[in-house]
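**Q**
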Amino acid sequence: MTAPLLSARAVTKRFGNRVACQGVSFDLWPGEVLGVVGESGSGKTTLLNCLAGRLAPDEGTVEYETAVMGTVDIHRLSEARRRLLARTEWGFVNQDAREGLRMGVSAGANIGERLMAIGARHYGNIRQSATDWLERVEIDFDRLDDRPTTYSGGMRQRLQIARNLVSEPRLVFMDEPTGGLDVSVQARILDLLRGLVDSFHLSAVLVTHDLGVARLLTHRLMVMQGGQVVEEGLTDQVLDDPHHAYTQMLVASILPV
Amino acid sequence: MPDTNAPQAHDAAYNYAYLDEQTKRMIRRAILKAVAIPGYQVPFGGREMPLPYGWGTGGIQVTAAIIGRDDTLKVIDQGADDTTNAVSIRRFFARVADVATTTKTEEATIIQTRHRVPETPLKEGQILVFQVPIPEPLRMLEPRETETRTLHALTEYGVMQVSLYESIARHGRISKGYNYPVLVNGRYMMSPSPIPKFDNPKLDRNPALQLYGAGREKRIYAVPPYTPVKSLDFDDHPFEIERWTECCAYCGSTESFLDEMIVDDQGKRLFVCSDTDFCESRRK
Amino acid sequence: MLPVLHVRGLNKSFVMHAQGDLALPVLRDVALSVAPGECLALVGPSGAGKSTLLRSLYGNYRADAGSIRVRHHEDWTELVGAEPRVMLDVRRHTMGFVSQFLRVIPRVASVDVVAEPMLRLGADPEKARQRAEFLLGVLGIPERLWSLPPATFSGGEQQRVNIARSLIADYPVLLLDEPTASLDQANRDGVIELIQQRRDAGAAIVGIFHDVAVREALATRIHDVALPGVQA
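Residue numbers (numbering that gives the first Met the number 0), protein chains in the order written: chain P, 0 to 256; chain L, 0 to 283; chain H, 0 to 231.
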């Protein structure tokens, strides 16, 4: 592939007078997981939403290399096209699983939805795919007909991941996918994500404030402070040889265990 | 009561068919747009009618906009011509529209109906006016009007398929028995109003014009004659209509929609055609 | 024999912003070359920059100036200032690194930790697993530990898992930072033998070996990091 999968150029977003993110540019290549770290108010979530087409930036462009349509400026697409991309080639894992799930229908229906949205009409096959995916995210298959309201937080998050990955997206956006979960649950989900990224050759943009998560899951890292990218590079390089004062402070602030 | 009543002079205190001419014009425009886009819900400026929401104000406004002195009107309520509501609406139009009325399906030019399609096959030139409570088929799944309009515009109907999946997962089959969602002309998903799913096949490529009026929600939609109307299903759980082991106790029909009636305190049951005209004509 | 790793004018310092932007120069005009079959041992006093140099070659530390070129996919690739995806590709196919400490990932079995670099190259999972088991066996890790995550292993066991992981793929260039540090005599000899085999099969190796005996068994040349500008 000769073009990057996702290209951001000078992405800037303001809310009134406040600049949430400023002049962010990068290229994401297939198979890369890019981490965006920063503390609250750094602009990382705003950036993620601009990249995923959920927010329109005030300046700059976000270009995506589609599977069959060539490169598109995602904010110039019609809403129909963008929503279709979001349902097929992209995934979005929310920090709160409830925002990414239909809490009122069964796990099987949640996972099957993307398939049904693109025309799957065989109940048995849909159910089988949903069962396969439950297994992949390590949820007992006899929970297939249960609603996510009966699931624990960690299970809901794994269900959200399955719901997104069933359409085998090429690019997954993740917003603090393990935020708020118990440490052991976190470890399980991070391990799951690692495995899925590897086996499905996913590319991802992952927003987190947790440097340990970044170390484990990402190949590259961008450090944001006050809306700006202050440092970027290979994850192990940014964490082991931080150059910017803010990055050095962040790395030094990790509590030892 | 005789089958067909000749027109009487209409009550001069009202404009013809009760609505003023501008309102009829507005509703006719909405109907034209609805016919041009089969299954698409057209908003209209619904008026106050002499009966509350939930009693057929939408159907009445549609009928009032299209009815003329040459028409013959039939009104049924759950298949019957003789319920209080059917009688009231029929008398209303007899009084304000100078129009002949009938209970015989073959003789009507306009049939206003609540929750059933007549058993007798309709012909070209007839118009079937449905009374609709909730015009939006996705309403129970997506409460936001802004979102359902977007879903229709983008043909994003996955959520309805999800609800059918969920029904099979919970009950072993698609359990929806009435107001069963359909796809009209391969494009818009439509609520056929709370008719039993038994009647859904009758909507497909019907020679008559179907008009749907929702008074409280102020929407009109239409299915032109000979338009494909397909009930949603799964390949391995195809759409099926209801069947009874009994036949009609009055006329012996095994092909019509049967109502179950409890006839005494011991719980004795009778199954009877819901379409009173159909049943009667078989007994003659 | 032509070198596969070629370093010129490499400079690196650390700037500690929390200490008033204190600058610590560590590498100054470092130059070296390594050819297939050679093992270059980095020597010098503690703090002279041996580990820094090794990590800079791997891209784990970012060089300030200079050139690090490696033969990658039959062409010379410049690593200083390279885009992340280039470095990632070099690490996947061409350059392996044995650090002093195994970064422990929870829940992943040691056999899978070892097999991973081979799987990343698209190898058959069964073959990768077999080779991982072979290496673990050669390095003396008992079979009952293969399906366990290394988090609870001893330091020496973790180090041997680390070594197995770095040797499973046939990297043309190997960077070794104290590979035998936590090992006892018997295991040390096993590791030395494995690395010798790799060297003799044509790998170009740069290593830090505190243990003189290990150094003497493996090194074909010495590079003294404390002497700036000396060509090796």
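All residues carry an ideal CB built from backbone N, CA and C; glycine is no exception.
Remember, it's a predicted structure, so these values are computed and weren't measured experimentally.
Give the interface partners of phenylalanine 233 of chain L over in chain P, defined as CB-CB distance under 7 Å, in chain order.
**A** Translated into the one-based positions of the second sequence, residue 233 of chain L becomes position 234. By Cβ distance, chain P contributes Arg120, His121 and Tyr122.
**Q** DSSP state of tyrosine 164 of chain L, grouped into three classes?
**A** Here residue 164 of chain L refers to the residue found at position 165 of the second sequence. Helix at tyrosine 164 of chain L.
**Q** Taking the C-alpha atoms as reference points, what is the distance between glutamate 77 of chain H and serine 66 of chain H?
**A** Here residue 77 of chain H refers to the residue found at position 78 when the third sequence is read from its first residue. Here residue 66 of chain H refers to the residue found at position 67 when the third sequence is read from its first residue. Distance between the alpha carbons of glutamate 77 of chain H and serine 66 of chain H is about 7 Å.
**Q** Please report how far the alpha carbon of glycine 34 of chain P lies from the alpha carbon of isoleucine 104 of chain H, in whole angstroms.
**A** Along the first sequence, read from residue 1 onward, the residue named residue 34 of chain P stands at position 35. Along the third sequence, read from residue 1 onward, the residue named residue 104 of chain H stands at position 105. Straight-line Cα distance between these residues: approximately 18 Å.
**Q** Can you give me the C-alpha to C-alpha distance between aspartate 94 of chain H and aspartate 141 of chain P, rounded to a whole angstrom?
**A** Translated into the one-based positions of the third sequence, residue 94 of chain H becomes position 95. Translated into the one-based positions of the first sequence, residue 141 of chain P becomes position 142. According to the sequence shown, residue 94 of chain H is methionine rather than aspartate. Going from the Cα of methionine 94 of chain H to the Cα of aspartate 141 of chain P covers about 46 Å.
**Q** Residues of chain P with CB closer than 7 Å to the CB of glycine 157 of chain L, please, in chain order.
**A** To locate residue 157 of chain L, count along the second sequence from 1; it is residue 158. In chain order: Glu112, Met115 and Ala116.
**Q** For arginine 197 of chain H, which of H/Asp176, H/Asp223 and H/Tyr170 has the nearest alpha-carbon?
**A** Your numbering for residue 197 of chain H matches position 198 in the third sequence. When only C-alpha atoms are compared, the closest one is H/Tyr170.
**Q** Quick check on glutamate 98 of chain P: buried or exposed, where buried means 16 or more other Cβ atoms within 10 Å of its Cβ?
**A** Walking along the first sequence from the start, residue 98 of chain P turns up at place 99. So glutamate 98 of chain P ends up on the exposed side.
**Q** Which residues in the same chain as glutamine 195 of chain H place their Cβ atom closer than 8 Å to its Cβ, once the five residues preceding and following it in sequence are excluded?
**A** Residue numbering aside, residue 195 of chain H sits at position 196 when the third sequence is read from its first letter. The residues are Ala216 and Leu217.
**Q** Please list, in chain order, the residues of the region 68-98 of chain H that have any C-beta partner in chain P closer than 7 Å.
**A** Within the region 68-98 of chain H, the qualifying residues are Pro83, Arg84, Met86 and Leu87.
**Q** Out of P/Val237, P/His208 and P/Gly107, point me to the one whose CA is closest to lysine 43 of chain P's CA.
**A** Looking up residue 43 of chain P in the first sequence gives position 44. For the residues P/Val237, P/His208 and P/Gly107, the minimum Cα distance to lysine 43 of chain P belongs to P/His208.
**Q** I need the boundaries of the beta strand (DSSP E) containing threonine 76 of chain H, first residue and last residue.
**A** For this step, residue 76 of chain H is matched to residue 77 along the third sequence. That run of the beta strand (DSSP E) goes 74-77.
**Q** Is there at least one Cβ from chain L nearer than 8 Å to aspartate 141 of chain P's Cβ?
**A** Position 142 of the first sequence, counted from the first residue, corresponds to residue 141 of chain P. Not one chain L Cβ lies under 8 Å of aspartate 141 of chain P.
**Q** Return the first residue and the last residue of the beta strand (DSSP E) that aspartate 197 of chain P is part of.
**A** Taking the first residue of the first sequence as 1, we reach residue 197 of chain P at position 198. Run containing aspartate 197 of chain P: none in the beta strand (DSSP E); it sits in the alpha helix (DSSP H), 182-198.
**Q** With distances taken Cα to Cα, identify the nearest neighbour of asparagine 205 of chain L among L/Gly44, L/Pro117, L/His9 and L/Asp70.
**A** The residue labelled residue 205 of chain L in the question sits at position 206 within the second sequence. Looking at the Cα atoms, L/Pro117 is the closest of the given residues.
**Q** Is the shortest distance between the beta-carbon of asparagine 161 of chain H and the beta-carbons of chain P less than 8 Å?
**A** Here the question's residue 161 of chain H lines up with position 162 in the third sequence. Not closer than 8 Å to any Cβ of chain P, the Cβ of asparagine 161 of chain H fails to qualify, so no.
**Q** Determine the direct distance from the alpha carbon of alanine 47 of chain H to that of leucine 254 of chain P, and round the result to whole angstroms.
**A** Mapped onto the first sequence, residue 254 of chain P falls at position 255. Mapped onto the third sequence, residue 47 of chain H falls at position 48. Whole-angstrom Cα-Cα distance: 29 Å.
**Q** DSSP has alanine 22 of chain H in a bridge; who is on the other side?
**A** The residue given as residue 22 of chain H occupies position 23 in the third sequence. Note: alanine 22 of chain H sits in a beta bridge opposite H/Val14.
**Q** Which residue's Cα is closest to the Cα of arginine 113 of chain L: L/Glu241, L/Glu123, L/Ile133 and L/Pro37?
**A** Taking the second sequence and counting its residues from 1, one reaches residue 113 of chain L at position 114. The shortest Cα separation from arginine 113 of chain L among L/Glu241, L/Glu123, L/Ile133 and L/Pro37 belongs to L/Ile133.
**Q** Going along the region 94-105 of chain P in order, which residues come within less than 8 Å of chain L, judged by CB to CB distance?
**A** Taking 8 Å as the Cβ-Cβ cut-off against chain L, the residues of the region 94-105 of chain P that qualify are Arg101, Val104 and Ser105.
**Q** Check whether the Cβ of alanine 168 of chain L lies closer than 8 Å to any Cβ atom in chain P.
**A** The count along the second sequence starts at 1 and reaches residue 168 of chain L at position 169. Yes, alanine 168 of chain L lies at the interface with chain P (some Cβ there is under 8 Å from its Cβ).
**Q** Measure the alpha-carbon distance for methionine 223 of chain P versus tyrosine 39 of chain L and round it to whole angstroms.
**A** Residue mapping note: residue 223 of chain P aligns to position 224 of the first sequence, counting from 1. Residue mapping note: residue 39 of chain L aligns to position 40 of the second sequence, counting from 1. Going by the C-alpha atoms only, they are around 48 Å apart.
**Q** Would you list the residues sitting across from alanine 213 of chain L in a DSSP beta bridge?
**A** Along the second sequence, read from residue 1 onward, the residue named residue 213 of chain L stands at position 214. Note: alanine 213 of chain L sits in a beta bridge opposite L/Arg218.
**Q** Count Cβ pairs between the region 153-169 of chain L and the region 197-212 of chain L that sit closer than 8 Å; are there 3 or more?
**A** These segments do not touch.
**Q** Output needed for arginine 115 of chain L: all residues of its chain with C-beta closer than 8 Å, excluding positions within five of it in sequence on either side, in chain order.
**A** In the second sequence, the residue the question calls residue 115 of chain L occupies position 116. So the list reads Ile75, Gln77, Gly78, Ile194, Pro195, Asp198, Phe256, Ser273 and Asp274, once near-sequence residues are dropped.
**Q** Along the chain, which unbroken stretches of the alpha helix (DSSP H) at least 4 residues long are found entirely within the region 51-95 of chain H?
**A** Segments of the alpha helix (DSSP H) lying fully in the region 51-95 of chain H: 83-92.
**Q** Out of L/Leu72, L/Asn84 and L/Glu105, which has the shortest C-alpha to C-alpha gap to proline 51 of chain L?
**A** The residue you call residue 51 of chain L lines up with position 52 of the second sequence. Of the listed residues, the one whose Cα sits closest to proline 51 of chain L is L/Asn84.
**Q** Indicate the three-state DSSP secondary structure (helix, strand or coil) for phenylalanine 270 of chain L in the structure shown.
**A** On the second sequence, position 271 is the one that residue 270 of chain L refers to. The answer is strand: DSSP assigns phenylalanine 270 of chain L an E or B state.
**Q** Identify the contact partners of tryptophan 28 of chain P in chain H, using a Cβ-Cβ distance below 7 Å as the criterion.
**A** Within the first sequence, residue 28 of chain P is the residue found at index 29, counting from 1. Here the neighbours are Arg84.
**Q** What do you reckon, are the CB atoms on leucine 50 of chain P and alanine 7 of chain P nearer than 8 Å?
**A** Numbered from its first residue, the first sequence carries residue 50 of chain P at position 51. Numbered from its first residue, the first sequence carries residue 7 of chain P at position 8. Closer than 8 Å, so yes.
**Q** Are the C-beta of leucine 46 of chain P and some C-beta of chain B separated by less than 8 Å?
**A** In the structure shown, chain B cannot be found, because the protein chains are P, L and H.
**Q** Would you check if the distance between the CB atom of arginine 219 of chain P and the CB atom of proline 83 of chain H is smaller than 8 Å?
**A** Within the first sequence, the letter at position 220 stands for residue 219 of chain P. Within the third sequence, the letter at position 84 stands for residue 83 of chain H. Yes. Within cutoff.
**Q** If you scan the region 145-190 of chain L from start to end, which runs of the beta strand (DSSP E) of 3 or more residues do you find wholly inside it?
**A** Those beta strand (DSSP E) runs which fall completely within the region 145-190 of chain L and span 3+ residues are 181-183 and 187-189.
**Q** Of all the CB atoms in chain P, is at least one closer than 8 Å to the CB of tyrosine 17 of chain L?
**A** The count along the second sequence starts at 1 and reaches residue 17 of chain L at position 18. Taking Cβ atoms only, chain P never reaches closer than 8 Å to tyrosine 17 of chain L, which makes this a no.
**Q** Between threonine 284 of chain L and glycine 103 of chain P, what straight-line distance do the alpha-carbon atoms span, to the nearest angstrom?
**A** Residue 284 of chain L lies beyond the residue range present for chain L, which begins at 0 and ends at 283; the question has no answer from this structure.
**Q** Once DSSP output is grouped into helix, strand and coil, what is the label at valine 229 of chain H?
**A** By one-based count along the third sequence, residue 229 of chain H stands at place 230. Residue placement at valine 229 of chain H is flagged as unreliable, the pLDDT there being 44, under the threshold of 50; a coordinate-derived value is accordingly withheld.
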